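Reviewing the structure listed below.
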């Protein structure tokens, strides 16, 4: 799975770089899907997160995140996590009528899973500065989740919740148990 998804992203990058207008044909557009362009429920996965020199580093990091998750969970659980994220993304697009023009939120849900499982694992920013995954995930969560959830429209809020439903289902129970344990500790 890690190599396949990274290869799809790389192919998407090269196709978009060779013909920038091609990106529009990859977008998950609910009105087009309902008019018979069913393949769009798959093609949005190929839309590159960045269209620049940094794509190599982004793809490399994405591959590493996926590979680390596969090592921790196994390929079956990683596939289930991916398929659930994909299904929720497509469902959110079709129900809310939102065009999906990026694979970014799905990629971040994978990173959040890894940061939850290995919070103290570090990456070296600019190959120099070590930063723990938990701090990167916290920053991304504030910028991409908390702010839109607080300031966004109702449809944006529902969209973000649906996009991260896979994360909430996989890790919500752990958070709930920690919360209850902390409440019990404070009572006594």
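Residue numbers (our numbering): 9 to 196. Heads up, the beta-carbon is just placed ideally off N, CA and C, and yes, glycines get one too. Please read all numbers here as calculations on a predicted model, not as lab measurements.
Hey, how far is the Cα of residue i from the Cα of residue j?
{"i": "residue 31", "j": "residue 91", "result": "23 Å"}
{"i": "residue 175", "j": "residue 120", "result": "8 Å"}
{"i": "residue 46", "j": "residue 52", "result": "12 Å"}
{"i": "residue 24", "j": "residue 193", "result": "54 Å"}
{"i": "residue 14", "j": "residue 62", "result": "14 Å"}
{"i": "residue 22", "j": "residue 186", "result": "44 Å"}
{"i": "residue 112", "j": "residue 57", "result": "6 Å"}
{"i": "residue 104", "j": "residue 117", "result": "20 Å"}
{"i": "residue 44", "j": "residue 109", "result": "18 Å"}
{"i": "residue 133", "j": "residue 189", "result": "35 Å"}
{"i": "residue 87", "j": "residue 64", "result": "24 Å"}
{"i": "residue 69", "j": "residue 191", "result": "37 Å"}
{"i": "residue 128", "j": "residue 29", "result": "41 Å"}
{"i": "residue 50", "j": "residue 26", "result": "21 Å"}
Could you spell out where the beta strand (DSSP E) holding residue i opens and where it closes?
{"i": "residue 139", "result": "137-140"}
{"i": "residue 133", "result": "130-133"}
Measure the CB-CB distance between residue i and residue j and report whether it falls below 8 Å.
{"i": "residue 157", "j": "residue 168", "result": "yes"}
{"i": "residue 130", "j": "residue 145", "result": "no"}
{"i": "residue 71", "j": "residue 10", "result": "yes"}
{"i": "residue 106", "j": "residue 39", "result": "no"}
{"i": "residue 197", "j": "residue 114", "result": "Since the first and last residues shown for the chain are 9 and 196, residue 197 lies out of range."}
{"i": "residue 96", "j": "residue 42", "result": "no"}
{"i": "residue 67", "j": "residue 48", "result": "no"}
Could you pull out every residue in the same chain whose Cβ sits closer than 6 Å to the Cβ of residue i, ignoring the five residues on either side in sequence?
{"i": "residue 165", "result": "157"}
{"i": "residue 179", "result": "124"}
Leaving out five residues before and five after residue i in sequence, what residues of the same chain have Cβ atoms less than 8 Å from its Cβ?
{"i": "residue 153", "result": "168 and 172"}
{"i": "residue 19", "result": "54"}
Tell me which residue opens and which closes the alpha helix (DSSP H) that residue i is part of.
{"i": "residue 174", "result": "173-195"}
{"i": "residue 121", "result": "112-125"}
{"i": "residue 40", "result": "38-42"}
{"i": "residue 9", "result": "Note, residue 9: premise wrong, no alpha helix (DSSP H); not H, not E."}
{"i": "residue 150", "result": "Unbroken run through residue 150: none, as it is neither H nor E."}
{"i": "residue 83", "result": "83-104"}
Measuring only from the beta carbon, is residue i closer than 7 Å to any heavy atom that is part of the ligand NAD?
{"i": "residue 183", "result": "In terms of ligand content, the structure shown is empty, and the ligand NAD therefore cannot be addressed."}
- request: Determine, using beta-carbon pairs with one atom in the stretch 106-122 and one in the stretch 70-81, whether at least three such pairs fall under 8 Å.
  value: yes
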